[in-house]
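Adding 13 to a residue's 1-based position in the sequence shown gives its number in this note's numbering.
We put the CB at the ideal spot given by N, CA and C, even for glycine.
This report concerns only the one structure given below.
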Amino acid sequence: MAALHYVELNLVHEIEDTTEIAMAVHEPEQSVVRLKEYSDVLGRLPLCAELLRRGEIDARRLKTIDDRVIHLTNPELVARVDQAMADVAPGLTRTQLARRATKAVAEADPLGYDQRRQKAREDRRVVFVPLPDGMAQLRITLNALDAREAYDVLTQDARALVKDDRTTDQKRADAFLDRFLGYGIDRKVKVHVTISMETLMGLTEEPALLDGYGPIAADSARELAMHGPWRGLLLDEYHRASELSRELYRPTAKIKEFAELNAGGVCSAPGCASPIQELDHTIPWPKGETSATRLKGYCTWHHHQKHANHSVTLDPDGTLHWVTPQGRHYTTTPHQY
């Protein structure tokens, strides 16, 4: 399918008459015009487009990259991002690709990234969307730091509610109403942002990393550091938080925090971007030690799947190898700072 999509883009790119194409494929001409405009990606990101032609990534992943590159006007910067993403794209999910591409663009064009971020802040809003069956949506657009903290507060509230037949999502929605109507309980949550010392000192504009989201602008991270508690992290040779370990089964609060930092705040299962809910000894305790680099974080579902019927091994650099019951092999690379 990926190769066919490449052929389709190539054909559309070569044809000038969008009216003729629209008539031939029975599509609105505006849709064909958008497709033709998007077909420029073949020349804009030739290395990533070649991955599409070979079937190593699909069309949605290519568009995920292009959506973040489209703002760059300097061909040299575009080529730099194209090369960086082509090196890693085949093994990443769309969520992981989006984070990597955002970071690559921010590093290639820090000034432009900051200008776009400032402009995007002007688009914050709350939108009411009617739904069938007496339901509706509130779509809230905020900056990433505020949105992440609000989501974590609601999650903490949801977990504090009595156990019943409601799902976590349902409890989160109920907790939102409780807080909005003034009945919520104040709780403090931790939002982890990792920033290099050079960026903290203003010597570079390298993006910081917000756990569970991805890269954020350097000045946002510096502002957060001014108003919140922070601590230094020593990194090992694999760019992970330095080793902490203990002989007991249950991790200390600090080991748990470091283990979650090493995972970037998201589940370590292949393709999953859910927040960490549980920690797991990759090598069962007591043979496997309780340490910040030996523990891996998972969502509840994938933690259960790992123990049910999947085989998981861990490399010294933190790479996880998953073998499914059908014998398929997947790898997840560790989060690096």
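Under a Cβ-count criterion, where at least 16 other Cβ atoms within 10 Å of its own Cβ denotes burial, should Phe189 be classed as buried or exposed?
buried
Classification of Met148 by the beta-carbon crowding that lies within 10 angstroms, buried from 16 upward:
exposed
For the alpha helix (DSSP H) containing Leu213, name the first residue and the last one.
The continuous alpha helix (DSSP H) containing Leu213 extends over residues 210-213.
Taking the DSSP output, what are the residues bridged to Ala4?
Because the chain spans 14 through 350 in this model, residue 4 falls outside it and cannot be assessed.
So, helix, strand or coil for Arg138, using DSSP?
strand
Using DSSP's beta-bridge definition, name the partner residues of His354.
Nothing in the structure corresponds to residue 354, since the chain is present only between 14 and 350.
Leaving aside the five residues before and after Lys76 along the sequence, list all residues of the same chain whose C-beta is less than 6 angstroms from its C-beta, in chain order.
none
Give the straight-line distance between the Cα atoms of Val94 and Ala234, rounded to the nearest whole angstrom.
C-alpha separation (whole angstroms): 23 angstroms.
Sort out for me which residues DSSP pairs Asp293 with in a bridge.
Lys309
Inter-residue spacing [alpha-carbon to alpha-carbon] between Thr108 and Ser287
10 angstroms
Between Val101 and the rest of its own chain, which residues show a CB-CB distance below 7 angstroms, the 5 nearest in sequence each way excluded?
Result list for Val101: Arg113, in chain order.
Any contact between the stretch 215-231 and the stretch 119-129? By contact I mean 3 or more CB pairs, one from each, below 8 angstroms.
yes
What do you get for Ile70, buried or exposed, if any count of 16 or more other CB atoms within 10 angstroms of its CB means buried?
buried
Give the secondary structure of Thr180 by DSSP, where H, G and I count as helix, E and B as strand, and everything else as coil.
coil
Give the DSSP-derived three-state secondary structure of Pro228 in the structure shown.
strand
Using DSSP with H/G/I as helix, E/B as strand and the rest coil, what is Pro288?
Correct three-state label for Pro288: strand.
How about Leu333: is its C-beta nearer than 8 angstroms to some C-beta of chain C?
In the structure shown, chain C cannot be found, because there is only a single protein chain.
What's the call for Leu151, buried or exposed, on a 16-neighbour Cβ count within 10 Å?
exposed
With distance defined between alpha-carbon atoms, name the residue in Pro338, His317, Tyr311 nearest to Leu345.
Before going further, note that residue 345 is Thr rather than Leu in the sequence given. Taking only the C-alpha atoms, the option nearest Thr345 is Tyr311.
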